[in-house]
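Residue numbers (our numbering), protein chains in the order written: chain A, 2 to 337; chain E, 9 to 441.
All residues carry an ideal CB built from backbone N, CA and C; glycine is no exception.
Following: one structure in structure tokens, then a few remarks.
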Amino acid sequence: MEFLNGFVALANFVLIPAVAYGSQLALGALGVTLIYGILRFSNFAHGDTMAFGTMCTILVTWWLQGMGVSLGPLPTALLAIPFGIAGCAALILLTDRVVYRFYRVQRVKPVIMVIVSMGVMFIYNGITRFIIGTEDQNFADGERFIIGVRDFKTLTGLDEGLAIRTTQGITVVTAVIVVAALFWFLNRTRTGKSMRAYSDNEDLALLSGINPERVVMVTWLIVAALATIAGVLYGLDKSFKPFTYFQLLLPIFAAAIVGGLGSPLGAIAGGFVIAFSEVGVTYAWKKVLGYWMPESLAPDGLVQLMSTDYKFAVSFVILLIVLLFRPTGLFKGKSV
Amino acid sequence: MSDMLRGTVLFGIMAVLIVGTGFVQSWNSALLILNMGLVSAVMALGVNLQWGFAGLFNVGVMGFVALGGLATVLVSMPPVGAAWSAGAGRLFLALALAVAVMAAAILLWKRLRRGLRGWVVAALLVAGFFAFRAVFDPAVALIEAVDPAATGYLGGLGLPVVLAWPVGGLLAAGVAWLIGKTALGLRSDYLAIATLGIAEIIIAVIKNEDWLARGVKNVNGLPRPLPYEIDLQNDPGFVETAAGLGLDATTASTLYVKLGYGVMFTLVLVLLLVLAQLALKSPWGRMMRAIRDNETSARAMGKDVTRRHLQIFVLGSAICGIAGAMMTTLDGQLTPGTYQPLRYTFLIWVMVIVGGSGNNFGAVLGGFLIWFLWVQVEPIGQWLMYHVTYGMADGSWLKGHLLDSVQHMRLLTMGVILLLVLRFSPRGLLPER
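Okay, here's the thing in structure tokens:
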């Protein structure tokens with residue numbers, strides 16, 4: 002019983018939040034890693050792309066709510082996601098046409114592309130703040146919990162409660178569907194295969210008649226979808242604030258690099274590694290250890306390794322360890 | 009147009025813009041722009057040293073600027089005696105312990121054979137961490153308990169604030185050395201992410217370690233190198249001189265203080281600019297550019313690329329630290345909550361790229377110009393929006409929204425400027441020769 006109680010506490014405070022956060026990071030890192038694989042630069046504007054897609058979704062959500070449309074227990078935002086993706090894709094394709102293509106044709110060094118993406122980051126950031134402002138926006142509606150603490154306690158008779166929020170459930174389910182669809186696309190369809198070929202060897206792919214502009218366009222479309230979905234899920238789970246999304250850049254990049262830049266599978270693994278260590282290191286373990294350890298050894302303090310404000314430090318330290326000891330990441334990524 | 013002429017004309021335009029602000033708006037705002045422009049120019053010089061000379065992609069500028077600000081507090085604030093006697097000894101013991109553990113870990117890693125060493129070092133680090141926390145936490149609690157509303161930190165050394173500028177540089181240089189040792193071997197975009205993360209960590213430390221500089225409770229009332237306005241206004245001699253110039257005492261005192269800062273900052277900027285120019289023209293500078301342009305061939309010529317990179321990374325970061333200390337001195341307070349990467353890292357990058365990377369004068373010009381625009385875009389935007397929304401009904405939702413959102417035009421403008429320069433004049437306003 003003690004053990005079960007401890008496990009439930011662990012699941013409630015560490016496992017479930019980390020799985021949800023990890024799924025959000027994985028989706029974000031997939032976008033970063035795709036851009037890196039196909040377009041060959043680290044996109045600093047990715048956090049703000051996520052913010053823009055989420056903003057479009059929020060605006061449509063409000064409009065839908067105003068019209069009285071709802072999904073019942075599920076958040077209305079799910080209905081609005083396709084519109085958000087469309088808005089985000091339009092902006093990204095416009096950016097590519099006006100900004101990135103010029104440099105791609107010239108084949109500039111990747112670091113110049115990174116600086117260009119810094120400019121794009123400023124612009125996206127400005128647009129998002131201009132339209133929706135800098136404040137926190139909460140747009141989740143519908144049922145709050147799949148299972149609440151009290152229900153769980155009466156159901157199982159345990160002392161510890163377990164709560165699963167709807168948004169956490171939706172996050173995981175959506176992430177699984179999206180990732181499955183993405184891998185099916187990359188491995189089974191003609192376009193997906195041509196994308197992988199282009200990523201592996203650009204010149205060879207061009208020689209075999211693959212249209213680079215098409216590959217790039219499809220990549221941006223997928224990135225728009227991934228960024229919007231990741232952003233909306235994060236916003237539903239926590240809340241939407243443009244600056245937070247900008248800051249997400251760091252854990253997302255850490256996830257992509259830890260997994261191996263350019264490797265989709267790595268991005269997912271990296272997302273979970275980062276999420277679990279962030280949550281694990283900043284969680285106060287007193288409760289769980291109190292259940293698991295004999296009474297005489299039960300800890301006095303909170304057993305919190307680091308205060309939550311240092312969560313960036315966690316993703317960063319992992320990033321550094323991986324870079325120093327395994328520079329290509331857990332799954333062999335590429336280096337340009 | 010020759011480079012010399014082009015530079016003179018562009019700097020002339022810049023001067024006209026600032027003087028124009030003085031005539032159109034007020035001399036106080038013109039001097040404010042000038043002072044922060046000088047600070048920005050120093051920061052841009054530091055980034056230009058790293059990026060323009062050596063091609064190092066450092067996006068952790070914010071961290072080094074904040075370290076400079078921290079140095080200002082540590083140098084100039086009076087020490088808090090009660091806090092020192094309460095827990096300082098224990099605190100330094102904890103820090104020494106942390107350093108010893110790290111050193112032992114590195115030593116073990118180098119001495120032991122492969123295979124087992126990973127586990128040994130990991131075990132040592134984990135044990136060391138808990139030992140450190142056991143000593144550190146009570147010390148912090150003791151220090152932060154000392155009059156938390158007013159102090160709750162160790163205070164500084166009580167030295168003249170100007171000393172903080174070189175100390176800020178040294179502090180930033182020390183941290184940069186540590187970072188460079190670990191991160192400089194990385195590829196350019198990995199280095200970018202690494203520095204971005206380090207900057208966030210530095211800010212997180214300053215925000216959370218209240219014993220160091222009060223964290224988000226801020227340190228106010230830093231000592232100033234110049235007299236206070238109110239003292240000037242009470243000084244009959246000063247009032248008389250001001251009246252002789254046809255100014256009232258209040259305006260004259262604010263202008264006097266701002267001018268004083270301007271002179272001090274100009275001295276620093278000129279000194280650093282001369283040094284940077286000498287470095288650029290020296291064999292060392294040529295070697296740096298050779299490394300930047302082709303690392304492999306420079307290595308083949310027998311240049312120690314890694315060490316040179318470390319050297320210039322430390323130097324550039326030190327300059328950013330100096331600028332950070334100057335800025336905090338100008339503000340008179342350290343507010344860790346205001347450090348944001350867009351403002352303190354990426355904006356500096358815009359300055360360097362727009363001004364002309366690899367050209368010191370370009371970086372300085374970029375610092376002034378971008379800072380001027382950063383300040384002035386808002387009033388211009390307001391004026392523009394006023395006219396755009398002129399025909400709309402008063403109190404309409406759109407009109408209110410547009411007028412309220414003007415402040416976000418800044419970021420948009422900066423992005424557009426950066427992209428335009430990159431596209432049509434990729435080497436900047438004053439290109440490298």
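Determine, using beta-carbon pairs with one atom in the segment 155-166 of chain E and one in the segment 85-97 of chain E, whether at least three such pairs fall under 8 Å. yes
Check L75(A) in the structure and name its three-state DSSP category. As a first step, residue 75(A) is located in the first sequence; it is residue number 74 there, counting from the start. Looking at L75(A) - three-state DSSP - the assignment turns out to be strand.
Endpoints, the alpha helix (DSSP H) within which F432(E) is located: Taking the second sequence and counting its residues from 1, one reaches residue 432(E) at position 424. 417-432 is the extent of the alpha helix (DSSP H) around F432(E).
Would I133(A) pass as an interface residue toward chain E - the criterion being a Cβ-Cβ separation below 7 Å? Looking up residue 133(A) in the first sequence gives position 132. So no, I133(A) is outside the interface.
Closest to G332(E) by CA distance: which of A251(E), S48(E), L99(E) is it? Reading the second sequence from its first residue, position 324 is the one you call residue 332(E). When each option's Cα is compared against that of G332(E), the closest is S48(E).
Is DSSP giving G163(E) helix, strand or coil here? As a first step, residue 163(E) must be located in the second sequence, where it is residue number 155. Strand at G163(E).
Would you please verify whether the beta carbon of A212(E) is less than 7 Å from any beta carbon of chain A? If you number the second sequence from 1, residue 212(E) lands on position 204. Yes, its Cβ sits closer than 7 Å to a Cβ of chain A.
Burial state of H416(E) (16 or more Cβ within 10 Å): In the second sequence, residue 416(E) corresponds to position 408, counting from 1. With 16 or more other Cβ atoms within 10 Å, it is buried.
Check each candidate in L187(A), Q138(A), F254(A) and name the one with the smallest Cα separation from K242(A). Translated into positions along the first sequence, residue 242(A) becomes position 241. When each option's Cα is compared against that of K242(A), the closest is Q138(A).
Do V383(E) and I41(E) come within 7 Å of each other at the CB atom, strictly closer than that value? Stepping through the second sequence from its first residue, residue 41(E) is reached at position 33. Stepping through the second sequence from its first residue, residue 383(E) is reached at position 375. Cβ atoms of I41(E) and V383(E): closer than 7 Å.
Checking 7 Å against the spacing of the C-beta atoms, do G75(E) and L192(E) come in under that value? For the purposes of this step, residue 75(E) is taken as residue 67 along the second sequence, with counting starting at 1. For the purposes of this step, residue 192(E) is taken as residue 184 along the second sequence, with counting starting at 1. The amino acid occupying residue 75(E) in the given sequence is Leu; Gly does not appear at that position. Not closer than 7 Å, so no.
What's the gap between the Cα of T80(E) and the Cα of G252(E)? Mapped onto the second sequence, residue 80(E) falls at position 72. Mapped onto the second sequence, residue 252(E) falls at position 244. Going from the Cα of T80(E) to the Cα of G252(E) covers about 37 Å.
Between the Cα of D239(E) and those of V265(E), S10(E), G28(E), spot the shortest distance and give me the residue it belongs to. Here residue 239(E) refers to the residue found at position 231 when the second sequence is read from its first residue. Comparing Cα-Cα distances from D239(E) to each of V265(E), S10(E), G28(E), the minimum goes to V265(E).
Within 10 Å of its beta-carbon, does L428(E) have 16 or more other beta-carbons around it, so buried, or fewer, so exposed? Taking the second sequence and counting its residues from 1, the one referred to as residue 428(E) is at position 420. Label assigned to L428(E): exposed.
Could you please give the first and the last residue of the uninterrupted alpha helix (DSSP H) stretch that includes F140(E)? For the purposes of this step, residue 140(E) is identified with residue 132 of the second sequence, where counting begins at 1. Taken as a continuous stretch (DSSP letters only), the alpha helix (DSSP H) holding F140(E) covers 125-152.
What's the gap between the Cα of V337(A) and the Cα of G261(A)? Along the first sequence, one-based indexing puts residue 337(A) at 336. Along the first sequence, one-based indexing puts residue 261(A) at 260. The predicted model places V337(A) with a pLDDT of 45, which falls under 50 and marks its position as unreliable; any figure quoted below should be read in that light. Whole-angstrom Cα-Cα distance: 12 Å.
Could you check where the alpha helix (DSSP H) with I211(A) kicks off and where it finishes? As a first step, residue 211(A) must be located in the first sequence, where it is residue number 210. Note, I211(A): premise wrong, no alpha helix (DSSP H); not H, not E.
Would you tell me roughly how many angstroms separate the C-alpha atoms of I425(E) and V362(E), rounded to the nearest one? On the second sequence, residue 425(E) is found 417 positions in, with the first residue counted as 1. On the second sequence, residue 362(E) is found 354 positions in, with the first residue counted as 1. For I425(E) and V362(E), the distance between alpha carbons rounds to 8 Å.
Going by beta carbon distance, what residues of the same chain come within less than 7 Å of V224(E), once the five residues before and after it are set aside? Stepping through the second sequence from its first residue, residue 224(E) is reached at position 216. Excluding sequence positions up to five before and after V224(E), its CB lies within less than 7 Å of the CB of K215, P344, G345, all in the same chain and listed in chain order.
Selected residue, minimal CA-CA separation from L230(E), among M335(E), L255(E), G268(E): For the purposes of this step, residue 230(E) is identified with residue 222 of the second sequence, where counting begins at 1. Measuring from the Cα of L230(E), the nearest candidate turns out to be M335(E).
Output yes or no for whether 7 Å exceeds the beta carbon distance between F1(A) and S118(A). Only positions 2 to 337 of chain A appear in this structure, which leaves residue 1(A) out of reach.
At 9 Å on the CB atoms, spell out the chain A contacts of T314(E), in chain order. On the second sequence, residue 314(E) is found 306 positions in, with the first residue counted as 1. The premise fails here: T314(E) is roughly 14 Å from chain A at the closest Cβ pair, so nothing lies under 9 Å.
DSSP-derived helix/strand/coil call for V337(A): For this step, residue 337(A) is matched to residue 336 along the first sequence. With a pLDDT of 45 at V337(A), under the threshold of 50, the modelled position of that residue is not reliable, and the figure given next carries that caveat. Three-state result, V337(A): coil.
Return the CA-CA distance between R41(A) and I147(A), expressed in angstroms with no decimal places. Within the first sequence, numbered from 1, the residue matching residue 41(A) stands at position 40. Within the first sequence, numbered from 1, the residue matching residue 147(A) stands at position 146. Taking C-alpha positions only, R41(A) is separated from I147(A) by approximately 41 Å.
Buried versus exposed call for W117(E) [16 or more other C-beta atoms within 10 Å across all chains shown]: As a position in the second sequence, residue 117(E) is number 109, starting the count at 1. With fewer than 16 Cβ atoms within 10 Å of its Cβ, W117(E) is classed as exposed.
Between the C-alpha atoms of L124(E) and A131(E), what's the straight-line distance to the nearest angstrom? On the second sequence, position 116 is the one that residue 124(E) refers to. On the second sequence, position 123 is the one that residue 131(E) refers to. Spanning the two alpha carbons is a distance of roughly 11 Å.
Going by C-alpha distance, which of L234(E), T258(E), R232(E), V143(E) is nearest P244(E)? Mapped onto the second sequence, residue 244(E) falls at position 236. P244(E) has its Cα closest to that of T258(E), out of L234(E), T258(E), R232(E), V143(E).
Q248(A) (DSSP reduced to helix, strand or coil): As a first step, residue 248(A) is located in the first sequence; it is residue number 247 there, counting from the start. Q248(A) falls in the helix class under three-state DSSP.
Among the candidates A225(A), L320(A), P111(A), Q305(A), whose CA atom is the shortest distance from the CA of L28(A)? Locating residue 28(A) in the first sequence gives position 27, counting from the first residue. The candidate whose alpha carbon is nearest that of L28(A) is A225(A).
Please classify Y394(E) as buried or exposed, where buried requires at least 16 other C-beta atoms within 10 Å of its C-beta. Within the second sequence, the letter at position 386 stands for residue 394(E). Counting every other CB atom within 10 Å of its CB across the protein chains shown gives Y394(E) a total below 16, marking it as exposed.
Candidates Q66(A), I223(A), S24(A): closest to Y235(A) by CA position: Indexing the first sequence from 1 puts residue 235(A) at position 234. The option with the nearest alpha carbon to Y235(A) is S24(A).
Could you give the distance in angstroms between the alpha-carbon of G177(E) and the alpha-carbon of I187(E)? Here residue 177(E) corresponds to residue number 169 of the second sequence, with the count starting at 1. Here residue 187(E) corresponds to residue number 179 of the second sequence, with the count starting at 1. Going from the Cα of G177(E) to the Cα of I187(E) covers about 15 Å.
Counting only Cβ-Cβ distances shorter than 7 Å, please list the residues of the segment 253-275 of chain A near chain E, keeping chain order. F254, I258
For the segment 348-360 of chain E against the segment 59-69 of chain E, are there 3 or more C-beta pairs whose distance is under 8 Å? Under the three-pair Cβ rule at 8 Å, the segment 348-360 of chain E counts as touching the segment 59-69 of chain E.
In the DSSP assignment, find the alpha helix (DSSP H) that holds F31(E) and state where it starts and stops. Reading the second sequence from its first residue, position 23 is the one you call residue 31(E). Membership of F31(E) in the alpha helix (DSSP H) is indicated by the continuous run 11-32.
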